[in-house]
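The sequence shown runs 12 to 171 under the numbering used here.
One structure is given here, and the rest of the page talks about it.
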Amino acid sequence: MTFTFIDIVFLIIIFSFAFLAMIHGLIQELFGKLALIVGLVAGFYFCGLLAPHISKIIKIPAVDVVLAFILIFITAFLVVKIIQIIVGAIFSGEIMKSLDRVLGFAFGAIEGVLIVSCILILMKAQIWFNLSPLLSKSTVAKILLPYLQAPISYIGGMLV
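Structure (structure tokens):
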């Protein structure tokens with residue numbers, strides 16, 4: 012098994028995510044991403060319910076929706092961060108902290124593989140350059156591409 016330049020780039024991406032997640036730990040990595048996602052989803056989903064109540068105070072229609080989104084986003088974000096602090100307190104012991112870091116490494120590695128998979132999907136689906144010679148020798152591409160055929164076909168169909 013030989014590694015090409017593109018394999019080295021892919022492995023650097025994967026191990027960078029894994030190493031950074033190991034430093035931060037699973038709790039901080041997971042809840043950091045979860046807070047943003049929950050805040051955005053809650054903001055988009057519930058801003059229409061809060062906006063009419065804000066419009067009684069603020070008479071500008073565009074501002075009430077934006078303000079409702081911001082208030083809901085901040086509330087949901089803070090709730091998730093409070094849960095993170097509570098769960099983080101459970102993982103404050105020495106043994107649990109080590110477990111948090113090991114699980115963080117695994118989470119980061121999975122995150123890195125997902126990023127590399129997205130890069131591979133875009134490289135295979137794009138129609139402007141022939142990257143087959145580059146990817147045909149890549150060990151990482153040989154491992155991941157069989158699992159990525161459906162998204163490659165879907166995105167490739169959108170680009171044609």
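In this text, a Cβ means the ideal position worked out from N, Cα and C, and glycines have one as well.
For clarity, every value in this text was computed on a predicted model and none was experimentally measured.
Sorting PHE84, VAL20, ALA32 and LEU145 by C-alpha distance to the C-alpha of SER109 places ALA32 at the top.
With respect to the C-alpha of PHE16, the residue from LYS148, ALA161 and LEU159 having the closest C-alpha is LYS148.
In the structure shown, SER109 adopts helical secondary structure according to DSSP, grouped into three states.
Shortest Cα-Cα distance from ASP75 to any of ILE163, ILE154, GLY59 and ILE126 involves GLY59. Shown here for LEU159: same chain residues with a beta carbon closer than 7 Å to its own, the five before and five after excluded, namely SER128, LEU131 and ILE132 in chain order.
The C-alpha of PHE21 lies about 14 Å from the C-alpha of PHE30. The distance from the Cβ of PHE28 to that of THR150 is about 19 Å, inconsistent with a contact at the 8 Å cut-off. Leaving aside the five residues that flank ILE25 on each side, the residues in its chain whose CB is nearer than 7 Å to its CB run, in chain order, ALA120, GLY123, VAL124 and VAL127. Inclusion of ALA79 and ILE65 in the CB contact set at 8 Å is warranted, their separation being smaller than that value. In summary, VAL113 is exposed, with fewer than 16 beta-carbon neighbours lying within 10 Å of its beta-carbon over all protein chains present. DSSP, read as helix, strand or coil, puts THR15 in coil.
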